[in-house]
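Using our numbering, you'd call the opening residue of the sequence shown number 493 and step up by one each time. Contents: one structure, followed by commentary.
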Amino acid sequence: MTCSHCVSSVTEELSALPGVQRVSVDLVAGGVSTVTVDSDAPLDADAVAAAVDEAGYTLAGRSA
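So this is what it looks like as structure tokens:
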């Protein structure tokens with residue numbers, strides 16, 4: 493991601509997932525940005541990856 497429009501695209505797609513309460517993005521232009529998703533239930537990892545893909549990006553990694 494390189495700009496606030498990129499952040500908005502990812503935030504919009506992830507926010508549409510069932511149970512998502514909040515999405516925050518630490519934008520690192522030209523580097524690896526970090527996205528944190530808070531939800532009221534566990535999220536399906538494939539659904540998260542698909543949402544990121546729909547926004548035009550690739551999920552680089554997951555943390556527990």
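For each residue, glycine too, the CB sits at the ideal point set by N, CA and C.
Residue i in three-state terms, based on DSSP
i, result
"T503", "helix"
"D536", "coil"
"V544", "helix"
"S496", "helix"
"V529", "strand"
"V524", "coil"
Buried or exposed by the 16-neighbour rule on C-beta atoms within 10 Å, applied to residue i
i, result
"E504", "exposed"
"V499", "buried"
Residues near residue i by beta carbon distance below 6 Å, same chain, minus five either side
i, result
"G511", "S531, D532 and A533"
Contacting residues, own chain, Cβ-Cβ under 7 Å from residue i (five flanking each side not counted)
i, result
"S501", "A547 and G548"
"R514", "D530"
Integer-rounded CB distance, given that residue j should sit under 8 Å from residue i
i, j, result
"L506", "V540", "7 Å"
"L509", "A543", "6 Å"
Residues near residue i in its chain [Cβ-Cβ closer than 8 Å; skip 5 each side]
i, result
"A521", "M493, T494 and C495"
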